[in-house]
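I have placed the structure first, in the form of structure tokens, so that the comments after it can refer back to it.
Numbering (our numbering), first residue to last: 29 to 655.
Below is the structure:
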């Protein structure tokens, strides 16, 4: 079904309009699409260039549907923001372009030409655009649909503008790569390796940016900053780069496919498997840090950080191997420790009575030591299922305890439905642009469709789970696993076999409210049964990032910054990839795709601040807002 905006559906022309709309799009060829987009861009350029008055503002408003969306990624607002409805978009564009020398918007001739696509259930002409401001080269995307009752009048359904590069401070890639002066053959001076060792030591200077956490988020933003010439150091408490994956449970493999998980600049080799094993990924992280010339301290843990508003620098204490301490004074600190930080160990009445070991999932490695023994896994998310399956495969008798409802989706093909865009025979860059351009309400609409499609595809499995008493849900408002991740960081399972083991009775399932108490030998159930255990694994997730912020920076900073991750009442992730209310403190987290995309925007903001182009603190508490 084609989704109609409210202004179209309110005309009472739904059946007739739908048929005419679909028919008009079916007839569009490439030249027709180019002509429609060109006409819209010409009208936009004329409207935005004129002074604000009733006529020009009406012309600008008339270019957008009533229910339309403009998402800006730094290009005009220096923030990540979404504006809804045509009148609000007009006001915001007028306010933000008033002091900016913005060039005409034009088609991006290097990108895929305008074409008819379906996004979030709507058929539209999609076009890549480009333009320039007085400080940056920018790109964007436009989606046009016809007006109700006027199929020859095309209006914007979605509008996306994004900063691509700062003029004069372009990334050091391709034609801008380092010249011979940077790596000269000075037979009497230090060579490349000598310079790298000196750069990493930080004996005579402090980094401009300190990144806490060396996983894919930390590596992505460090690589972006390095190409912009910003002196950056990553610190990580693990012994080696990649240990955040290397040290996890033995059987772990990524649950989404290789082609959506590339890091910036260096894609995975085309010979690699579709789903990457953890140790393979750890090896890649270690190689990536070396190949991208990233400054990285392992066995280094931040213990405290205090911001000096007089110098606009942090005083960061770092404990290194052997108990040595270093203090660094960067201007920016980026937390790249993931969506969640500290393991969540909930208080469970009577659990202390259990006589065996109780491990958090972060402490679990493999099930070999529990062969022939009894294990209880508390939780029903990805880690709980994978650990239960690993224990079962090692010969343990496993009981899973479900505390709340969970979403289950087969890894093939259902879990991959949201990534079908990346199979559209487009470049990774174009796919990332399309992903970023979709505003939150339309992304939710798309994921409701993916969730329904997955439920239909996985019907047999889901009915089997319900039959054994497994409590299922499909996310808030049926938006599926992706929005569970975006709002709470978990609560779902990509089935790679454990659900089948549960349905077949090879792994037992009990509900938490069926437990009377824990006892020294396991659990006593309300119906009188006793379930023995030699080990209990708490797959109970992690605490929100606010807890780690409070631990490292203090309660006052945590309170000032506010909630991290999730959406609250906004259309953007809270305090992610943008300035926070605490000067010099930034956050990056999320999937490989999210970090690959948003590391660029985060790096551009820091570079712009360092060069005096962007104000040091433009954001009010928690989330920027457009006029």
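Ideal placement from N, C-alpha and C gives every residue a C-beta, glycine not left out.
As the structure is a prediction and not an experimental result, all values here were calculated from the model.
{"Item": "What span of residues does the alpha helix (DSSP H) with residue 18 cover, start to end?", "Value": "The displayed coordinates of the chain run from 29 to 655. Any statement about residue 18 would go beyond what the structure contains."}
{"Item": "Within the same chain, show all residues whose beta-carbon is closer than 6 Å to that of residue 413, passing over the 5 residues directly before and after it, in chain order.", "Value": "521 and 526"}
{"Item": "What's the C-alpha gap between residue 184 and residue 135?", "Value": "15 Å"}
{"Item": "In terms of alpha-carbon separation, which member of 359, 573 and 350 lies closest to residue 329?", "Value": "350"}
{"Item": "Can you name the residues that DSSP bridges to residue 168?", "Value": "157 and 189"}
{"Item": "Taking only runs of the beta strand (DSSP E) that begin and end inside the segment 229-283, which ones reach a length of at least 3 residues, in chain order?", "Value": "237-240 and 260-263"}
{"Item": "Run through DSSP, which three-state label would residue 543 get?", "Value": "strand"}
{"Item": "For residue 616 versus residue 254, is the C-beta spacing smaller than 8 Å?", "Value": "no"}
{"Item": "Whole angstroms are fine: how far does the CA of residue 204 sit from the CA of residue 506?", "Value": "46 Å"}
{"Item": "Whole angstroms are fine: how far does the CA of residue 494 sit from the CA of residue 425?", "Value": "22 Å"}
{"Item": "Leaving out the 5 sequence neighbours to the left and right, which residues in its chain are closer than 6 Å to residue 196 when beta-carbon positions are compared?", "Value": "none"}
{"Item": "Is the number of C-beta pairs between the segment 298-307 and the segment 374-391 that are closer than 8 Å three or more?", "Value": "no"}
{"Item": "Kindly list the residues whose CB is nearer than 8 Å to the CB of residue 624, restricted to its own chain and excluding five residues on each side of it in sequence; keep chain order.", "Value": "248, 290, 291, 292 and 460"}
{"Item": "Three-state secondary structure (DSSP) at residue 405?", "Value": "strand"}
{"Item": "Taking 7 Å as the cut-off, is the C-beta of residue 85 nearer than that to any heavy atom in the ligand SAH?", "Value": "This structure lacks the ligand SAH, and indeed carries no ligand of any kind."}
{"Item": "Could you spell out where the alpha helix (DSSP H) holding residue 384 opens and where it closes?", "Value": "Taken as a continuous stretch (DSSP letters only), residue 384 belongs to no alpha helix (DSSP H), as it is neither H nor E."}
{"Item": "Quick one, which of 549, 569 and 363 has its alpha-carbon nearest residue 578's?", "Value": "363"}
{"Item": "Taking C-alpha atoms, which residue in 591, 304, 641 and 86 lies nearest to residue 115?", "Value": "86"}
{"Item": "Quick check on this structure: which residue in 80, 524, 319 and 167 has the alpha carbon closest to the alpha carbon of residue 103?", "Value": "167"}
{"Item": "Beta-carbon separation of residue 324 and residue 269 under 8 Å?", "Value": "yes"}
{"Item": "Write down the C-beta distance between residue 133 and residue 238 rounded to the nearest angstrom, noting that I regard them as a contact closer than 8 Å.", "Value": "With 8 Å as the limit, residue 133 and residue 238 do not qualify as a contact, their Cβ atoms being about 38 Å apart."}
{"Item": "From this set, 251, 371, 434 and 462, which residue's C-alpha is nearest residue 628's C-alpha?", "Value": "251"}
{"Item": "Along the chain, where does the alpha helix (DSSP H) that runs through residue 450 open and close?", "Value": "Taken as a continuous stretch (DSSP letters only), residue 450 belongs to no alpha helix (DSSP H), as it is neither H nor E."}
{"Item": "Consult DSSP for residue 393 and reduce its assignment to one of helix, strand or coil.", "Value": "coil"}
{"Item": "Among the residues of its own chain, which have a CB less than 6 Å from the CB of residue 112, if the five just before and after it don't count?", "Value": "97"}
{"Item": "How many angstroms separate the CA atom of residue 174 from the CA atom of residue 187?", "Value": "15 Å"}
{"Item": "According to DSSP, is residue 558 helix, strand or coil?", "Value": "strand"}
{"Item": "Give the single residue among 61, 420 and 117 whose Cα lies nearest to the Cα of residue 88.", "Value": "117"}
{"Item": "According to DSSP, what are the bridge partners of residue 335?", "Value": "342"}
{"Item": "Given a cut-off of 8 Å on the beta-carbon distance, is the pair residue 282 and residue 316 in contact?", "Value": "no"}
{"Item": "DSSP beta-bridge partners for residue 98?", "Value": "111 and 187"}
{"Item": "Among the residues of its own chain, which have a CB less than 6 Å from the CB of residue 193, if the five just before and after it don't count?", "Value": "165"}
{"Item": "When the Cα of residue 407 is compared with those of 152, 216, 72 and 540, which residue comes out closest?", "Value": "540"}
{"Item": "Do you know offhand how far residue 265's Cα is from residue 126's?", "Value": "47 Å"}
{"Item": "In the DSSP output, what is residue 513 paired with across the bridge?", "Value": "Note: residue 513 sits in no beta bridge, so no partner."}
{"Item": "With a 10 Å radius around its C-beta and 16 neighbouring C-beta atoms as the bar for buried, classify residue 189 as buried or exposed.", "Value": "buried"}
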